[in-house]
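In the working numbering, the protein residues as written are 1199 to 1611. Ideal Cβ positions, reconstructed from N, Cα and C, are used throughout, including at glycine. See structure below.
Below is the structure:
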């Protein structure tokens, strides 16, 4: 009997060694595959991750995975990228975390840079129709996100009302300060009104990040957030201005990739760094590629008017928009397990998430709808795309192809 127990223990150890990556290179290869195939936005990405790392590879258990998803949805930044970064960190340390980020991010970033260089060559009716079709894709995608998030995050009157107030705040004032105010107000209202909704968390998060390293990362996050605008004003550097715009957008966005839209538009379109048409065409193209929607920053960095742009601008954009989410994640991970068990934290998260729904609903109207839907045929194309996504569960790539083809056909007719 003892011999059998010993053999079972040895087999269990052997199994654990078999599923453990040999190096960060293995993490890179796994995430590179996901970066090339993960279509559908952050919620879909989390589904891909669960299948790959919980079910298939068993790198992380169900409870720990749920903990990570909950944390990353609560923090500012790209939730799916933060989950991937955390999984890479837990499996192969800091090198594994970087490998996970690079493998998941760089494929879509490269495709969007290529689109940015080729978009200027699209002239005449065909090119104009194609770009307008990509903009119509954004209407369907954002509408789908509002629909799905509202059903999940605002299932009762209290949270629906929080979402409504947040939407009204953004509709009356589209500044980034208004968005921050709506999120803060949502958190306060959740803390006050949603305590009875809070459920006790389960599971445990174990990450190789010390409390000292976490405090350093948190300090860096806030120093950059406060210091970059000062450096921007003192130096007058256009490169510093661009990095500040990307960093601030990445630091202040809650709720995933789609919610960054109004922040980025305020940061780049309002000062005249690029046009609304170029902005929404790139946003539509971002739906056609796999990987995180935050790689839209690579497109913006490529086409933006101030120097540096092109490849240097794309690199600046990627670093600027992803860095704050990574810093605050590293800062919170050592303290999350104890904090998340407080009822107040759970209630505040519900209020913030409800406010995010309202912010996204306001963004659906302005700028997405107001700058894209100009005629009944535009609404018809967007409506077909929305039904394909919601009713037929069509992949976003198919909706992008349909919208682009329909836009081109309408232009020719």
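Around the Cβ of residue i, are there at least 16 other Cβ atoms within 10 angstroms (buried) or fewer (exposed)?
i	result
residue 1572	exposed
residue 1590	exposed
residue 1408	exposed
residue 1333	buried
residue 1205	Confidence is the limiting factor: at residue 1205 the pLDDT is only 48, short of 50, which leaves the residue's position unreliable and the question unanswerable from this model.
residue 1354	exposed
residue 1218	A caution first: residue 1218 carries a pLDDT of 47, below 50, which makes its placement in the model unreliable, though a value can still be read off. Residue 1218 should be labelled exposed.
residue 1434	exposed
residue 1537	exposed
residue 1313	buried
residue 1440	buried
residue 1350	exposed
residue 1446	buried
residue 1257	buried
residue 1469	exposed
residue 1607	exposed
residue 1487	buried
residue 1619	Residue 1619 lies beyond the range of the chain shown here (1199 to 1611); nothing can be said about it.
residue 1223	exposed
residue 1227	exposed
residue 1371	exposed
residue 1463	buried
Check whether the Cβ atoms of residue i and residue j sit closer than 8 Å, and answer yes or no.
i	j	result
residue 1529	residue 1364	no
residue 1266	residue 1281	yes
residue 1561	residue 1459	yes
residue 1253	residue 1259	no
residue 1597	residue 1581	no
residue 1437	residue 1505	yes
residue 1290	residue 1337	no
residue 1323	residue 1523	no
residue 1519	residue 1492	yes
residue 1237	residue 1594	yes
residue 1527	residue 1273	yes
residue 1383	residue 1553	yes
residue 1380	residue 1368	yes
residue 1229	residue 1298	yes
residue 1305	residue 1278	no
residue 1472	residue 1502	yes
residue 1288	residue 1405	yes
residue 1393	residue 1510	no
residue 1145	residue 1556	This structure cannot settle anything about residue 1145, because the visible part of the chain is limited to 1199 through 1611.
residue 1525	residue 1419	yes
residue 1558	residue 1421	no
residue 1494	residue 1480	yes
residue 1242	residue 1584	no
residue 1246	residue 1232	yes
Return helix, strand or coil for residue i, following the three-state DSSP convention.
i	result
residue 1492	helix
residue 1219	For residue 1219, the predicted structure reports a pLDDT of 45, less than 50, and the residue's modelled location is therefore unreliable. A value from the coordinates is still provided. If DSSP states are grouped into helix, strand and coil, residue 1219 belongs with coil.
residue 1275	coil
residue 1438	helix
residue 1544	helix
residue 1473	coil
residue 1534	helix
residue 1377	helix
residue 1432	helix
residue 1289	helix
residue 1608	helix
residue 1566	helix
residue 1392	coil
residue 1503	coil
residue 1573	coil
residue 1355	helix
residue 1284	helix
residue 1539	coil
residue 1589	coil
residue 1406	coil
residue 1247	helix
residue 1256	coil
residue 1601	helix
residue 1306	helix
Quick test of your reading: residue i and residue j, contact by CB under 8 Å. State the CB separation rounded to the nearest angstrom.
i	j	result
residue 1489	residue 1302	6 Å
residue 1443	residue 1465	4 Å
residue 1326	residue 1603	Residue 1326 to residue 1603, Cβ: 14 Å. No contact.
residue 1605	residue 1331	2 Å
residue 1335	residue 1601	4 Å
residue 1385	residue 1533	That pair is no contact at about 18 Å.
residue 1614	residue 1310	Past the edges of the chain, shown from 1199 to 1611, lies residue 1614, and the structure says nothing about it.
residue 1570	residue 1564	Between residue 1564 and residue 1570 the Cβ distance is about 11 Å, and since that is not below 8 Å, they are no contact.
residue 1521	residue 1448	7 Å
Would you call the region 1548-1559 and the region 1422-1436 touching, i.e. three or more CB-CB distances under 8 Å?
Result no; under three Cβ-Cβ pairs closer than 8 Å.
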